[in-house]
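Residue numbers (the working numbering): 248 to 353.
Dropping the structure here:
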């Protein structure tokens with residue numbers, strides 16, 4: 248597996264600040280941004296987020312705000328998936344194998 252793309256690594260402190268602000272439990276990247284296929288100006292950034300004990304309404308609001316902040320930060324399309332939305336066993340297995348941690352609340 249290739250190293251994580253510089254579009255992510257160059258913004259680690261901003262990612263940390265956003266995650267802390269919104270009470271993110273964990274944030275992972277997956278897809279082209281971690282496997283060497285990312286092309287600036289063409290590819291999107293795939294992110295998987297876990298939130299700390301939020302009700303559905305609050306979680307939805309926070310995910311929308313996170314999505315807007317990450318799109319603004321990276322200046323490209325971001326696909327942001329909440330971990331409770333993952334249903335397919337093959338997709339879960341893919342994530343377990345290939346996701347890369349960007350943030351974990353201490």
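The C-beta atom is built at its ideal place from N, Cα and C for all residues, glycine as well.
Values in this document were obtained by computation on a predicted structure and should not be read as measured data.
Supposed close pair residue i, residue j - CB separation, criterion 8 Å
i, j, result
"residue 285", "residue 328", "Actually they are not in contact, since the Cβ atoms of residue 285 and residue 328 sit about 17 Å apart, beyond 8 Å."
Neighbour-count burial assignment, residue i, 16 or more Cβ in a 10 Å radius
i, result
"residue 276", "buried"
"residue 313", "buried"
"residue 309", "buried"
"residue 288", "exposed"
Segment limits, alpha helix (DSSP H) that includes residue i
i, result
"residue 338", "336 to 345"
"residue 326", "Note, residue 326: premise wrong, no alpha helix (DSSP H); beta strand (DSSP E) at 325 to 329."
"residue 260", "259 to 269"
DSSP state of residue i mapped onto helix, strand, coil
i, result
"residue 281", "helix"
"residue 309", "helix"
Extent of the continuous beta strand (DSSP E) run through residue i
i, result
"residue 297", "292 to 298"
Three CB pairs or more closer than 8 Å across the region 334 to 341 and the region 296 to 310: no
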